[in-house]
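The sequence shown runs contiguously to residue 179 in this note's numbering.
Here a beta-carbon is modelled for each residue, glycine too, at the ideal position from N, C-alpha and C.
From a predicted model like this one, the values you see are computed outputs, not experimental measurements.
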Amino acid sequence: KGDSLVNVLVLGPPRRGLVDYAVSFSVMIGILALLNLVLWIVFKHDIFGDLRLFGSMVRNDLWWLALIVVGVGAPLSEELLFRGFLQSSLTRSSLGFGWASLVTTLVWTALHAGYSVIGLIEVLLIGGVFIWMLRRTGSLRVPLICHAVYNTALGLFLAFGPQSL
Numbered sequence: 015k016g017d018s019l020v021n022v023l024v025l026g027p028p029r030r031g032l033v034d035y036a037v038s039f040s041v042m043i044g045i046l047a048l049l050n051l052v053l054w055i056v057f058k059h060d061i062f063g064d065l066r067l068f069g070s071m072v073r074n075d076l077w078w079l080a081l082i083v084v085g086v087g088a089p090l091s092e093e094l095l096f097r098g099f100l101q102s103s104l105t106r107s108s109l110g111f112g113w114a115s116l117v118t119t120l121v122w123t124a125l126h127a128g129y130s131v132i133g134l135i136e137v138l139l140i141g142g143v144f145i146w147m148l149r150r151t152g153s154l155r156v157p158l159i160c161h162a163v164y165n166t167a168l169g170l171f172l173a174f175g176p177q178s179l
């Protein structure tokens with residue numbers, strides 16, 4: 015039972031139910047909002063630069079299909095692969111949870127290698143937030159759902175928001 019797929023991937027429900035989802039999502043949005051505000055004010059960084067490619071994906075007749083890929087497919091595959099299989103395997107090794115988290119987050123960030131340096135820093139930071147969610151709630155469901163909601167919201171914003179993006 016301890017090595018069943020559900021247990022290895024920590025796919026059980028979060029410890030505190032809906033509270034874990036609400037707190038985790040609020041923390042994620044707060045950190046991302048603060049980071050982007052600092053980037054925009056201090057560095058005058060174009061916070062939408064890395065998203066323009068996705069804007070072209072969701073602004074066509076098949077926008078709904080792109081939204082499914084970005085909002086469901088990417089979070090599902092990334093969370094299962096990185097914070098599910100890789101994090102779990104490395105945690106069970108001599109690395110332990112802390113080093114496994116660092117390796118997992120760095121490898122996940124490398125997956126986004128086409129982003130700007132600032133974009134990669136944001137991906138690294140949100141990867142750390144997803145690891146925190148996993149550790150705090152004891153469930154991969156929480157980062158998976160938060161990742162999916164975030165990506166879906168961005169996809170909808172890019173599809174139906176200002177055309178200048």
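C-alpha of Gly128 to C-alpha of Leu67: approximately 10 Å in a straight line. With contacts defined by Cβ atoms closer than 8 Å, Leu168 and Leu49 do not form a contacting pair. Here Glu93 is near Leu158, since their CB atoms are less than 8 Å apart.
For Ser40, the three-state secondary structure derived from DSSP is helix.
When DSSP states are grouped into helix, strand and coil, Gly31 belongs to the coil group.
Under the 10 Å beta carbon count, Gly112 is surrounded by fewer than 16 other beta carbons and is classified as exposed.
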